[in-house]
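Numbering (my numbering), first residue to last: 99 to 301.
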């Protein structure tokens, strides 16, 4: 059987979700997957980005990361999304990316994609779980197979115990408060493992 193809698709303003995506890439590769790390297109005006040093730095740091397209969704057996929370919801940048995949959805090309998601916020109760649920609601419409981490590994507890997906709190200086690297890698490996099961069953 060919290796699972994993797309890690992120949106990051301050760099946190880019880091989560890179850890997910490591976990996916350790599980034997072929991995692509991709960002969604930035929609914010350049004039707004220019006023925020962390945002500018992230744009620069991710300038060589390919922008995700519908072709990447078709390519992938599994997808891990990573986004910050925006008022308890996913950012508009990710929402637009998902919204323009109607052609894939209507032709059945999103069915049985194995998906999982991660997030960040400035407060532990700043909408992290709701953000993950907002992503998973779309995935239900896609007919995707949602793979949350649940409490399947001790690393989940070490990262704050979010069963919906790894989530991290970020302080005012943009630093992660929680140690979530192990939880992210576990979540990626679990996603790849389930994708292997699905891929084998469909062959």
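Ideal Cβ placement from N, Cα and C applies to all residues, glycine included.
Taking the CB atoms as reference points, tell me whether residue i and residue j lie closer together than 8 Å.
i: residue 175; j: residue 103; result: yes
i: residue 171; j: residue 202; result: yes
i: residue 229; j: residue 183; result: yes
i: residue 113; j: residue 166; result: no
i: residue 276; j: residue 257; result: yes
i: residue 178; j: residue 289; result: yes
i: residue 210; j: residue 133; result: no
i: residue 238; j: residue 213; result: no
i: residue 225; j: residue 185; result: yes
Could you give the C-beta distance for residue i and residue j, rounded to a whole number, given that I count them as a contact under 8 Å?
i: residue 105; j: residue 286; result: Residue 105 to residue 286, Cβ: 12 Å. No contact.
i: residue 253; j: residue 293; result: Going by Cβ atoms, the distance from residue 253 to residue 293 rounds to 20 Å, so no, they are not a contact pair.
i: residue 208; j: residue 173; result: Between residue 173 and residue 208 the Cβ distance is about 12 Å, and since that is not below 8 Å, they are no contact.
i: residue 283; j: residue 125; result: 3 Å
i: residue 233; j: residue 188; result: 6 Å
i: residue 181; j: residue 115; result: 6 Å
Where does residue i sit, in a helix, a strand or coil, going by DSSP?
i: residue 108; result: strand
i: residue 100; result: coil
i: residue 305; result: Outside the displayed span of the chain (99 to 301) sits residue 305, for which this structure offers no information.
i: residue 114; result: helix
i: residue 264; result: coil
i: residue 218; result: strand
I'd like to confirm the pairing. Which residues does DSSP put opposite residue i in its beta bridges?
i: residue 177; result: 105, 213
i: residue 136; result: 107
i: residue 187; result: 184
i: residue 274; result: 268
i: residue 165; result: 137
Review point. At a cut of 8 Å, does the segment 258 to 270 reach the segment 213 to 231 through at least three beta carbon pairs?
Key: Inter-segment contact for the segment 258 to 270 and the segment 213 to 231 is present: three or more beta-carbon pairs are separated by less than 8 Å.
Exercise for review: Assess, as a yes-or-no matter, whether the segment 107 to 120 is touched by the segment 137 to 144 under the definition of 3 or more beta carbon pairs within less than 8 Å.
Suggested key: Yes, since at least three Cβ pairs between the segment 137 to 144 and the segment 107 to 120 fall closer than 8 Å, the two stretches touch.
Point to revise | Stretch-stretch touch, CB-based, cutoff 8 Å, three pairs: the segment 242 to 250 with the segment 186 to 194 | key: With the cut-off at 8 Å, the segment 242 to 250 and the segment 186 to 194 do not touch.
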